[in-house]
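Colleague:
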Amino acid sequence: MATATCQLSEEQFLCSICLDVFTNPVTLPCGHSFWSGRRQAVELGLIVEYGEIWREAEEGPTSRTDAEILEMIAERERTIQQLRQLMELNDREAKAERAHGERAFAALIDCVRGDLDAFLQYMNSKSQATENQAKGCVKELEREILELKTSPGTAVRDMKTFNIRKPTFEGTAARAMAELEPKLSQKMSRVFISEFQRVQKYYIRVLLDPEKVHPRSANQRKSADNNKPECRCVLAAQSFSAGRFYFEVDVRGKSNWALGLAKELHVEREVVLSPQNAYWVICMRNKTECYARSVPSVRLELKSRPEKVGVFVDYEDGLVCFYDAKQAGLLHTFSACDFAHNICPFFSPCQNDGAKLHTQPDSPCVLQ
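The working numbering applies: residue 890 is where the sequence shown begins, and numbers increase by one.
(1) Helix or strand or just coil, what does DSSP make of K1101?
(2) By how many angstroms is the C-alpha of L1069 removed from the C-alpha of K1117?
(3) Using three-state DSSP, classify M890 as helix, strand or coil.
(4) Assign I1053 to one of three DSSP states: helix, strand, or coil.
(5) Please work out which residues of its chain come closer than 8 Å, Cβ to Cβ, to Y1204, disregarding the five sequence neighbours upstream and downstream, and give them in chain order.
(6) Using only alpha-carbon positions, find the residue among V1202, S1144, L1097, N1175 that is nearest to F1236.
(7) Take R992 as the anchor and find which of F1081, V1198, L978 has the nearest alpha-carbon.
(8) When the Cα of A1062 is compared with those of S1078, F1085, A1044, L1005, which residue comes out closest?
(9) Write down the C-beta distance between P1071 and W1146 rounded to the nearest angstrom, noting that I regard them as a contact closer than 8 Å.
(10) Once DSSP output is grouped into helix, strand and coil, what is the label at A1151?
(11) Three or more beta-carbon pairs under 8 Å between the stretch 1207-1218 and the stretch 1188-1195, yes or no?
(12) Do Y1180 and Y1135 have their CB atoms nearer than 8 Å?
(13) To which residues of the same chain is E1178 closer than 8 Å at the C-beta, ignoring the five residues directly before and after it?
(14) By a C-beta neighbour count over all protein chains shown, 10 Å radius and 16 as the cutoff for buried, is F1223 buried or exposed?
(15) Taking the C-alpha atoms as reference points, what is the distance between M976 and A983?
(16) Could you give the DSSP three-state label for F1211: helix, strand or coil?
(17) Considering just the uninterrupted stretch of the alpha helix (DSSP H) at E1178, what are its terminal residues?
(18) For D1004, does the three-state DSSP call read helix, strand or coil?
(19) First and last residue of the beta strand (DSSP E) that includes L1073?
(20) For the beta strand (DSSP E) that contains H1221, what are its first and last residues?
(21) Of all the options M1048, V1200, Q974, which has the alpha carbon lying nearest to the alpha carbon of V1088?
(22) With a Cβ-Cβ cutoff of 8 Å, do V1184 and S1163 count as a contact?
(23) Out of N1175, C1172, R1174, K1152, point me to the one whose CA is closest to Q1165's CA.
(24) Looking at C-alpha atoms only, which residue of I1171, S1040, D1206 is the closest neighbour of V1198?
(25) Residues in its own chain within less than 6 Å of D955 by CB, not counting five upstream and five downstream?
(26) Suppose you measure from the CA of A1018 to the CA of S1040; what does that come to, to the nearest Å?
(27) My assumption, with CB atoms under 8 Å, is that A1167 sits in contact with P1234. Please give the rounded CB distance.
(28) Can you tell me the Cα-Cα spacing of Q1216 and S1074, whole angstroms?
(29) Using only the alpha-carbon positions, how far apart do G1142 and E986 sit?
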């Protein structure tokens, strides 16, 4: 019995860290005991500090009510549901766009393949005809050679009159491509019309903001120095930081204009239109010269002078597309645009030529 009592007493004096018997024991305010010869005071202080942190972490925010916990769970479940809906929408739109693209490319491929087959058939036919003609001549000449050997007096043709014509294949491929081009243009036009009809569903009515009118002076300073009216620009009242939208501008009768998209906070006097300065703009000069404003500007090849320009914007994809809204043709695309801020529709009527820019049909919002 005495032995058991001794063992129990010894267990009571074991260090909880190293499991040795205490030597110079130290009791901490929290009630735990350690022996100073085994752990330095600094180390023990850290252990106590960590112990308090662990205890607080284990205890946790016990003040939350059941209702608060249920609301936190419900909030997370709602977010999960939104993410699942987003994934479903993403999957549907990706499949639809993939199918649309496959159909469009398949039509173009079929068109190209048909003309390629016709081209190869023509080349083979022409080459075979030339070869057959040459073989016939060779056979005829070999017969004459044999006759000359056997009957020297045989009448034969004068070789000076024998004409060897070289086959002409040069330009055949170019002519085939030229014949293919209008067919492809027609097919692509149908694709553009289909795409244009799809972006039109994002149509918005644009209102101009008189507080966002400012003179463009960086590119028009010379005009101002020549006592010509200074070119003015204006932003729309609406600004966008997400989503897709489409708007139209009637430019009939205007010799010069610029329109597109700009950063909302652009109110400085000197403006250089370029994506580097957060302007995604095309412009018309002298009725016929259309440019995509960049560094340097890009001249756009137009089939006809646009009367109404449509602008489609996809904020998340960084895409700005310009359309000839009357012909449903694509004029230009700015891709990989780094918006990273609110953006607004941008308009400039340039110098006053008597005509007006209408932001939508029958709208009082005009620029002159």
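Glycine included, C-beta positions come from ideal geometry on N, C-alpha and C.
These figures come from a predicted structure and were not determined experimentally.
Modeller: Based on what the coordinates show:
(1) strand
(2) Residue placement at K1117 is poorly supported in this model, since its pLDDT is 37, which falls under 50; the coordinates still yield a value, given next. Taking the straight line from one Cα to the other gives about 48 Å.
(3) Note that M890 scores 45 on pLDDT, short of 50, meaning its location in the model is unreliable and no value can be drawn from it.
(4) coil
(5) F1129, S1130, A1131, G1132, R1133, F1228, I1232
(6) Measuring from the Cα of F1236, the nearest candidate turns out to be L1097.
(7) It is F1081 whose Cα lies nearest to the Cα of R992.
(8) L1005
(9) Their Cβ separation, rounded to whole angstroms, is 31 Å, which puts P1071 and W1146 out of contact at 8 Å.
(10) strand
(11) yes
(12) Taking 8 Å as the cut-off, the Cβ atoms of Y1180 and Y1135 do not count as close.
(13) R1188
(14) buried
(15) 10 Å
(16) strand
(17) Segment 1178-1181 is the beta strand (DSSP E) holding E1178; no alpha helix (DSSP H) there.
(18) helix
(19) Note, L1073: premise wrong, no beta strand (DSSP E); alpha helix (DSSP H) at 1061-1088.
(20) Start and end: 1218-1223.
(21) Among M1048, V1200, Q974, the Cα nearest to that of V1088 is on V1200.
(22) Yes, Cβ-Cβ distance for V1184 and S1163 is below 8 Å.
(23) K1152
(24) I1171
(25) none
(26) 32 Å
(27) Not quite, the Cβ-Cβ distance comes to about 13 Å (not below 8 Å), so this is no contact.
(28) 13 Å
(29) 37 Å
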